[in-house]
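Notes follow the structure.
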Amino acid sequence: MYVHIGDEVVVPARELVAILDARLLQGSEANQAFFAREASAGQIRGHHWGGARSVVLTTRGVYPSPISPRTLARRVLAASGPSGANPLPEPTRAG
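Those letters in the sequence shown? Residues 0 to 94, per numbering that gives the first Met the number 0, in order.
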């Protein structure tokens, strides 16, 4: 199954590693180092980082998404089908 993550981008659900809240990633030196490594390796995809609400990590790259992490999680659950073969925990908020 595939998951639409916004900006006309669709990724295979089996390649999803994590869906992160973009606000929680700003300002952290560790996160900045991670994104610098991914950029130097050519793994950063997409061009609309200014309006990103989520950051989607896949086995093939890192994508910005204008869609909230909660909505993306619901889409992943819907893509897994009614059997719940690929259940995800409900998203939580930090702080």
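Every residue, glycine too, gets a C-beta built ideally from N, C-alpha and C. Being a predicted model, the structure only gives us computed values, none of them experimental.
For residue 43: DSSP bridge partner residues: 61
As assigned by DSSP and simplified to three states, the class of residue 51: coil
Inspect the CB distances between the region 66-81 and the region 35-45 and report whether three or more fall short of 8 Å. no
List the endpoints of the continuous alpha helix (DSSP H) containing residue 78. 68-78 is the span of the alpha helix (DSSP H), which, as asked, contains residue 78.
Comparing C-alpha positions only, which one of 14, 60 and 6 sits nearest to residue 51? 6
For residue 11, which residues in the same chain have their Cβ closer than 7 Å to its Cβ, ignoring the five residues on either side in sequence? 1
Run of the beta strand (DSSP E) containing residue 17, from where it starts to where it stops: 15-20
From what residue to what residue does the beta strand (DSSP E) around residue 5 run? 1-5
Around the Cβ of residue 57, are there at least 16 other Cβ atoms within 10 angstroms (buried) or fewer (exposed)? buried
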